[in-house]
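Reading through the structure tokens given below for one structure.
2 protein chains.
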Amino acid sequence: MRKGEATRERILESALELASTEGLTGLSIGRLADRNGMSKSGLFAHFGSKEGLQLDVLELATAKFRESVFTPALRADRGEPRLRALFTRWMDWADHQSLPGGCLLTAAAVELDDQPGPARDALVDAQRQWADTLARAVRIAIEERHFRADVDPHLFAFQLHSILLGYHHARRLLRDPDAARRAHDAFEALVAGARPRKAR
Amino acid sequence: MRKGEATRERILESALELASTEGLTGLSIGRLADRNGMSKSGLFAHFGSKEGLQLDVLELATAKFRESVFTPALRADRGEPRLRALFTRWMDWADHQSLPGGCLLTAAAVELDDQPGPARDALVDAQRQWADTLARAVRIAIEERHFRADVDPHLFAFQLHSILLGYHHARRLLRDPDAARRAHDAFEALVAGARPRKAR
DNA sequence: GACAAAAAAGCACGATCGTTCGTATCTTCG
DNA sequence: CGAAGATACGAACGATCGTGCTTTTTTGTC
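What follows is the structure in structure tokens.
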């Protein structure tokens, strides 16, 4: 039926916000119910368990990430331009994307790294896929002769992801006003090191 | 008196372990008391409040970090060797350093980034100091002519820290067996890019 | 060994947690 | 409109949370 699905989505939207600041464990059903002007039990029924809620929140977060970062970057030209688009959109996502507490997936990555269970499994799966996606984009840049053939796609993906983790750290914890500039500089250095060496 | 201080330290040691897996918020006084075979109230009296406990845990963690990573690295030669020592010891710390849940400071960085209070303040302070320490080590490498003069010390520190965050992510969440190799490769690439260009 | 001080325990409190269940209200469709 | 079913509520549960109090036990000193 219709009404249920609508409120369910409304709940999940606000759950995403709340979880980005409080974490997936700190995301409490009582507080979430208050925010949505409904009773604990009424809200609870939509998810069956807290674990179910967490899984749905993770699913929504990865879907939003994909459509905010990956999908639009596909419109950029293959190779370096696309990697550049991935990078800048990724940074934008970490900033303001309706996530007052920064990237939920990054927060969950640290929170769940020692908490076995379906939530961890889902997150690991999504992150592995993302790493592969990045590596594939690098491989395309090699095919397009934007990058040298001896560039290691997975290493590059690791370095790219590292820059974003560093950005998240500098920006969100340290409130470093130079965080964005540093991240950009690091990205440029990374790309420059992968380009074909000039003949001279 | 003596006995009190001894148990206090014993408590803090196990609190460090517990907090590394459960986080600073998930670190509960009841569970910590069970682990140490004492009552909640007895343990509580040592710290006055949960916030006090968290602050003491953070303080112990930064002290241990300093003595495990920074202090021994000072025995390495100034410049690139010392930076190399800092990097490898930092990785070792993230691995096995009596921290079953990985580096507590990294976990706390994500957990506290939106939780104002003295705990956050203390962590930010420690991390800022660490960034300065790294930048200073880079500046020394420039003085020693290991690195070019146009290398940006703070940018290098940012990149170094980013690699470690990436390592933590790949190792702890993804359980990637290549994590250490990737981190090392990224480090070598970073250092190679900072060395004086060969005359040719 | 007595005595003061320190350390730990015991107990209780209000709050909040996730969860269950019975009941009431609203939506949807014949 | 009326019946069926989805949706939400209210109350209560056992557990655990951080935190006060008072009392008991342990410790160190003369």
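These protein sequence lines are chains A and B, in that order. Under this note's numbering, the first residue of the first sequence is numbered 58, with each subsequent residue one higher. Under this note's numbering, the first residue of the second sequence is numbered 58, with each subsequent residue one higher. Just so you know, even glycine gets a beta-carbon here, dropped at the ideal spot from N, CA and C. Remember, predicted model here, so these are calculated numbers, not experimental data.
Run through DSSP, which three-state label would Gly174/A get?
-> Note: Gly174/A maps to coil in three-state DSSP.
Distance, Cα to Cα, Ala279/B vs Gly174/A?
Since the displayed chain B opens at 58 and closes at 257, residue 279/B lies outside it and no answer follows.
### Query
Hey, quick one: how far does the alpha helix (DSSP H) through Val126/B stretch, first residue to last?
Run containing Val126/B: none; DSSP gives neither H nor E here.
- Task: Put Pro210/A into one of helix, strand or coil per three-state DSSP.
- Result: helix
* What separation, rounded to the nearest whole angstrom, lies between the Cα atoms of Pro253/B and Thr145/B? -> Answer to the nearest angstrom: the Cα atoms are 23 Å apart.
Check your understanding: Helix, strand or coil for His103/B per DSSP?
Key -> coil
Quick check: is the beta carbon of Pro253/A nearer than 9 Å to any beta carbon in chain B?
Not one chain B Cβ lies under 9 Å of Pro253/A.
For this session: Apply the 10 Å Cβ neighbour rule to Ala206/B and answer buried if 16 or more other Cβ atoms are within range, or exposed otherwise.
Result: exposed
- Message: Cβ closer than 9 Å: which chain A residues qualify as neighbours of Ala74/B?
- Response: Ala is not the amino acid found at residue 74/B; the sequence shown has Glu there. Those within 9 Å of Glu74/B in chain A number zero; the least Cβ separation is about 11 Å.
(message) Rounding to the nearest angstrom, what Cα-Cα distance links Ala164/A and Ala151/B in this structure?
(response) 18 Å
**Message:** Beta-carbon within less than 8 Å of Tyr224/A's beta-carbon, same chain only, minus the 5 sequence neighbours each way: which residues are those?
**Reply:** So the list reads Met148, Ala151, Ala236, Ala237, Arg239, Ala240, once near-sequence residues are dropped.
**Item:** Extent of the continuous alpha helix (DSSP H) run through His241/B
**Value:** 236-249
Among Leu161/A, Leu131/A, Gly87/A, Asn93/A, which residue has its Cα nearest to the Cα of Leu81/A? It is Leu161/A whose Cα lies nearest to the Cα of Leu81/A.
Subject >> Distance between Asp178/B and His226/A (C-alpha atoms, nearest Å) >> reply: Approximately 14 Å between the Cα atoms of the pair.
With a 10 Å radius around its C-beta and 16 neighbouring C-beta atoms as the bar for buried, classify Pro157/B as buried or exposed.
-> exposed
- [ ] Identify whether Lys60/A lies in helix, strand or coil by the three-state DSSP scheme.
- [x] helix
Closer than 7 Å by beta-carbon distance: list the chain B residues that pair up with Ile220/A, in chain order.
-> Ser219
In this structure, does DSSP put His218/A in helix, strand or coil? Helix.
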